[in-house]
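Undergrad: Using the numbering used here, read the sequence shown as starting at 2 and increasing by one per residue.
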Amino acid sequence: MWRILLLLGAVKAEPPSASPTAAEVLAQSIDGTSVHEFRGYYKREHSLTRPYQGAGMEIPYWNIQGSSMVSSQQIRLTADEQSRRGAIWNMQQVWSRDWEFQVSFKVTGSTGDLFGDGMAIWYVSEPNQMGPVFGGKDYFRGLGVFLDTYSNHNGPHSVVDVLACNLAFSTAILTSRPWSRTVPYITIMTRMVLTHSWVENIPIFTDISGKYEWKLCLSVNNVQLPTGYYFGISAATGDLSDNHDVIGVKMFEQEFAHVDRAGETDRKDVVPNAAFKAAPRDHIDDPQPSKLGWFGTIVLVIVGIVVLVGALGFGVIFFQKRSERQRKRFY
2 MWRILLLLGA VKAEPPSASP TAAEVLAQSI DGTSVHEFRG YYKREHSLTR
52 PYQGAGMEIP YWNIQGSSMV SSQQIRLTAD EQSRRGAIWN MQQVWSRDWE
102 FQVSFKVTGS TGDLFGDGMA IWYVSEPNQM GPVFGGKDYF RGLGVFLDTY
152 SNHNGPHSVV DVLACNLAFS TAILTSRPWS RTVPYITIMT RMVLTHSWVE
202 NIPIFTDISG KYEWKLCLSV NNVQLPTGYY FGISAATGDL SDNHDVIGVK
252 MFEQEFAHVD RAGETDRKDV VPNAAFKAAP RDHIDDPQPS KLGWFGTIVL
302 VIVGIVVLVG ALGFGVIFFQ KRSERQRKRF Y
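(1) Indicate whether Thr34 and Glu214 have their beta-carbon atoms separated by less than 8 Å.
(2) Pair every Cβ in the stretch 226-244 with every Cβ in the stretch 94-104, then say whether three or more of these pairs are closer than 8 Å.
(3) Could you give the first and the last residue of the continuous beta strand (DSSP E) run that contains Trp246?
(4) Taking DSSP's pairing of strands, which residues face Ile89 in a bridge?
(5) I'd like to know whether the C-beta atoms of Pro273 and Arg142 end up nearer to each other than 8 Å.
(6) Using the rule of at least 16 other Cβ atoms within 10 Å of the residue's Cβ for burial, across every protein chain shown, is His47 buried or exposed?
(7) Straight-line CA distance for Val308 to Leu301?
(8) Nearest-angstrom Cα distance between Val271 and Ser111?
(9) Looking only at DSSP bridge pairs, what is Gly145 linked to?
(10) For Gly132 and Trp123, which I take to be in contact (beta-carbon distance under 8 Å), what is that distance rounded to the nearest angstrom?
(11) DSSP three-state label for Arg323, please.
(12) For Ile65 versus Phe206, is the C-beta distance shorter than 8 Å?
(13) How should Gly316 be labelled, buried or exposed, when 16 other C-beta atoms within 10 angstroms of its C-beta is the threshold for buried?
(14) Rounding to the nearest angstrom, what Cα-Cα distance links Ile303 and Gln83 in this structure?
(15) For Phe253 and Pro52, I'd like the C-alpha separation in whole angstroms.
(16) With DSSP run on the structure shown, which of helix, strand or coil describes Thr298?
(17) Kindly indicate which residue of Val146, Gln321, Lys216, Gly249 has the alpha-carbon position closest to the one of Gln29.
(18) Using DSSP's beta-bridge definition, name the partner residues of Trp215.
(19) Using a 10 Å radius around the Cβ and a threshold of 16 neighbouring Cβ atoms, would you call Asn222 buried or exposed?
(20) Measuring straight from C-alpha to C-alpha, what distance separates Asp246 and Arg85?
(21) Taking the straight line between their C-alpha atoms, what separation do you get for Cys166 and Glu59?
(22) Going by the CB atoms, is the gap between Thr150 and Phe116 shorter than 8 Å?
(23) Give a yes or no on whether the minimum CB-CB distance between Ala312 and chain C is below 8 Å.
(24) State buried or exposed for Asp243, treating a residue as buried only when at least 16 other CB atoms are found within 10 Å of its CB.
(25) Have a look at Gln321 and Val310 and give me their C-alpha separation to the nearest angstrom.
(26) Around the Cβ of Gly314, are there at least 16 other Cβ atoms within 10 angstroms (buried) or fewer (exposed)?
(27) Considering only their Cβ atoms, is the gap separating Asp118 from His239 smaller than 8 Å?
(28) Smallest Cα separation from Phe135: which of Leu144, Ala88, Val104, Arg77?
(29) Asp286 to Gly41, Cα distance in whole Å?
(30) For Lys212, which residues in the same chain have their Cβ closer than 7 Å to its Cβ, ignoring the five residues on either side in sequence?
(31) If you draw a straight line from the alpha carbon of Trp90 to that of Ile306, how long is it in whole angstroms?
As structure tokens, then:
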């Protein structure tokens, strides 16, 4: 079973020489623990649990968008078809200052080595906004966590990207790291957890070995997020496609000790911000997949062979006729 845990926070990071920060202590307390260990108080209005029983495409507290389809055991954001976008959005604002948001999902497909495009987990000011970023809006205010499975850069092509944005490029951060060396398909349930607290830090934990324990994947410091935003999950396909399924969502309210600083008591007025911006990755242009498909390619090859054989046959016949005419001239 593959799982991912993302830990988000908002308390100031300390210099490396100082004693461990609250973020580091919290991360250390999670690293190596069981994926079944829950922290905090369960919040039903921000959660999704099976079986899904609603009126058709309706689920209490959630809005279903795009190509998403609901069954009793999962919510399929996109089918294994080209150019699809789907999303689910929680319609309740998050007023908990500290929280943990768990998403269980699967990604499956019909091809062995071509994947696309990926999924996103959102914590943003404006829900229900579909767009080109894994099914979500490209200019947003809040946090986006992207599971990119499309091969659009050098090296391993399955990465986790974290982007905090307030509509200004100067305050955006982007961090990524391969989370699957070869095959990004998650054929059994995978989990990702976002935990937000007063620790300005975003560590991401994964369980990709099926050992049912969290392992630290990456960490980003100095990230600030407000309260009152909305959770969402989206997915998209392009020329390449996969099934993107949400299995379940759980939100837990956390309680951490706080030391309020000047101007930070009311978290709803905080502007999404991050002090760190990762250097852009080197990208290479991938060859576009053939629009003919395998059947069209076979037909094209056969036609080429027929044309070649016909040309050779015509040449042989023409040469024979010419030789006969030359022989007749001598008799």
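All C-beta atoms, glycine included, are put in the ideal place defined by N, C-alpha and C.
Nothing here was measured: the structure is a model prediction, and the numbers come from that model.
TA: Walking through what the data contain:
(1) If you number the sequence shown from 1, residue 34 lands on position 33. If you number the sequence shown from 1, residue 214 lands on position 213. Remark: C-beta atoms of Thr34 and Glu214 approach each other more closely than 8 Å.
(2) yes
(3) The residue labelled residue 246 in the question sits at position 245 within the sequence shown. For the sequence presented, residue 246 should be read as Asp rather than Trp. Counted as a single uninterrupted DSSP element, the beta strand (DSSP E) harbouring Asp246 occupies residues 244-254.
(4) Taking the sequence shown and counting its residues from 1, one reaches residue 89 at position 88. Bridge partners of Ile89 according to DSSP: Ile65, Ile234.
(5) Translated into the one-based positions of the sequence shown, residue 273 becomes position 272. Translated into the one-based positions of the sequence shown, residue 142 becomes position 141. Yes; because the gap between Cβ atoms is below 8 Å, this pair is in contact.
(6) Locating residue 47 in the sequence shown gives position 46, where the first residue counts as 1. His47 comes out buried.
(7) Here residue 308 refers to the residue found at position 307 when the sequence shown is read from its first residue. Here residue 301 refers to the residue found at position 300 when the sequence shown is read from its first residue. Those two C-alpha atoms are separated by around 11 Å.
(8) On the sequence shown, residue 271 is found 270 positions in, with the first residue counted as 1. On the sequence shown, residue 111 is found 110 positions in, with the first residue counted as 1. One C-alpha to the other measures close to 44 Å.
(9) Taking the sequence shown and counting its residues from 1, the one referred to as residue 145 is at position 144. Beta-bridge pairing links Gly145 to Trp123, Leu164.
(10) On the sequence shown, position 131 is the one that residue 132 refers to. On the sequence shown, position 122 is the one that residue 123 refers to. Not confirmed; about 11 Å, so no contact.
(11) Position 322 of the sequence shown, counted from the first residue, corresponds to residue 323. Residue state, collapsed to three classes: helix.
(12) Within the sequence shown, numbered from 1, the residue matching residue 65 stands at position 64. Within the sequence shown, numbered from 1, the residue matching residue 206 stands at position 205. No; because the gap between Cβ atoms is not below 8 Å, this pair is not in contact.
(13) Your numbering for residue 316 matches position 315 in the sequence shown. Counting Cβ neighbours within 10 Å, Gly316 comes out exposed, since fewer than 16 surround it.
(14) To locate residue 303, count along the sequence shown from 1; it is residue 302. To locate residue 83, count along the sequence shown from 1; it is residue 82. Distance between the alpha carbons of Ile303 and Gln83 is about 27 Å.
(15) Looking up residue 253 in the sequence shown gives position 252. Looking up residue 52 in the sequence shown gives position 51. About 20 Å.
(16) By one-based count along the sequence shown, residue 298 stands at place 297. Helix, per DSSP.
(17) Working through the sequence shown from its first residue, we reach residue 29 at position 28. Selected option, being the one with the closest Cα: Lys216.
(18) Within the sequence shown, numbered from 1, the residue matching residue 215 stands at position 214. In the DSSP output, where bridge partners are listed per residue, Trp215 has none listed.
(19) One-based indexing of the sequence shown puts residue 222 at position 221. The residue in question, Asn222, is buried, as its Cβ has 16 or more Cβ neighbours within 10 Å.
(20) Position 245 of the sequence shown, counted from the start, is the residue given in the question as residue 246. Position 84 of the sequence shown, counted from the start, is the residue given in the question as residue 85. Approximately 13 Å, taken between the alpha carbons.
(21) In the sequence shown, the residue the question calls residue 166 occupies position 165. In the sequence shown, the residue the question calls residue 59 occupies position 58. Roughly 30 Å between the two C-alpha positions.
(22) In the sequence shown, residue 116 corresponds to position 115, counting from 1. In the sequence shown, residue 150 corresponds to position 149, counting from 1. The answer is yes: Cβ separation under 8 Å.
(23) Judged by its chain identifiers, the structure shown contains no chain C, having just a single protein chain.
(24) As a working mapping, residue 243 is identified with position 242 in the sequence shown. That one is buried.
(25) Taking the sequence shown and counting its residues from 1, the one referred to as residue 321 is at position 320. Taking the sequence shown and counting its residues from 1, the one referred to as residue 310 is at position 309. If I take the Cα positions, the gap works out to 16 Å.
(26) The residue given as residue 314 occupies position 313 in the sequence shown. Its Cβ having fewer than 16 others within 10 Å, Gly314 is exposed.
(27) Within the sequence shown, the letter at position 238 stands for residue 239. Within the sequence shown, the letter at position 117 stands for residue 118. Reading the sequence as shown, one finds Gly at residue 239 and not His. Yes; because the gap between Cβ atoms is below 8 Å, this pair is in contact.
(28) Here residue 135 refers to the residue found at position 134 of the sequence shown. When only C-alpha atoms are compared, the closest one is Ala88.
(29) Here residue 286 corresponds to residue number 285 of the sequence shown, with the count starting at 1. Here residue 41 corresponds to residue number 40 of the sequence shown, with the count starting at 1. With a pLDDT of only 49 at Asp286, under 50, the local geometry of the prediction cannot be trusted, and no value is derived from it.
(30) As a position in the sequence shown, residue 212 is number 211, starting the count at 1. Counting only Cβ-Cβ distances below 7 Å, and skipping sequence neighbours, we find nothing.
(31) Position 89 of the sequence shown, counting from 1, holds the residue named residue 90. Position 305 of the sequence shown, counting from 1, holds the residue named residue 306. Just so you know, the alpha carbons of Trp90 and Ile306 end up roughly 54 Å apart.
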